[in-house]
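S.K.: The letter at position 10 of the sequence shown is residue 10 when you use this note's numbering, and the numbering goes up by one with no holes.
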Amino acid sequence: MTSGEDKRRFPRIEFRMPVQYHNLKNPREGSIGSLTKNISEGGVKFVANEFLPLASRLVMEISLPTVPRPIKAIAKVAWVRKTAVAEQYEVGNQFLEISRDDKNHLTDYINRVFDSSSN
1 MTSGEDKRRF PRIEFRMPVQ YHNLKNPREG SIGSLTKNIS EGGVKFVANE FLPLASRLVM
61 EISLPTVPRP IKAIAKVAWV RKTAVAEQYE VGNQFLEISR DDKNHLTDYI NRVFDSSSN
């Protein structure tokens with residue numbers, strides 16, 4: 001039996017950085033800030049103080065320490081898990097759209113983290 005970690009297409013790194021998101025269907029509601037928990041080339045996990053329905057489309061801005069501006073992506077909520085903290089959820093998101101430049105910035109950052117951890 002394989003675990004979810006083994007089935008991932010992209011390796012994940014622990015990653016605690018600011019993220020801003022809003023629902024693609026409700027852009028007027030404004031962005032909500034949170035912190036990421038991990039990230040890969042294919043998606044990101046963050047903590048939300050609200051339940052986000054599965055398959056919701058989110059517009060995300062994620063800060064990377066190596067890039068002066070946040071990278072932007074449209075992501076789909078792939079899974080939601082309640083945490084031990086009241087009204088807090090871990091949310092796994094799959095990137096659907098990300099510019100080539102932003103994807104390159106993300107890939108470069110992840111590769112740097114992997115390279116530094118292997119030394």
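Ideal Cβ placement from N, Cα and C applies to all residues, glycine included.
1) Within this structure, are the beta carbons of V80 and L35 separated by less than 7 Å?
2) Whole angstroms are fine: how far does the CA of Y21 sit from the CA of T107?
3) Please report how far the alpha carbon of K25 lies from the alpha carbon of A55, in whole angstroms.
4) With the cut-off set at 7 Å, would you say I74 and V59 are in Cβ contact?
5) Could you give the distance in angstroms between the alpha-carbon of Y89 and the alpha-carbon of D115?
6) What are the residues that DSSP puts in a beta bridge with K45?
7) In the DSSP assignment, the alpha helix (DSSP H) including V113 goes from what residue to what residue?
8) Among the candidates K37, E97, E41, V19, whose CA atom is the shortest distance from the CA of S31?
9) Could you check what DSSP says for E87 in three-state terms: helix, strand or coil?
M.R.: If we stick to the structure as given:
1) Their beta carbons are not under 7 Å apart, which means V80 does not touch L35 by this criterion.
2) When rounded, the distance between both Cα atoms is 21 Å.
3) Approximately 12 Å, taken between the alpha carbons.
4) yes
5) 31 Å
6) N38, G92
7) V113 -> alpha helix (DSSP H) spans 100–117.
8) V19
9) It is coil, neither helix nor strand.
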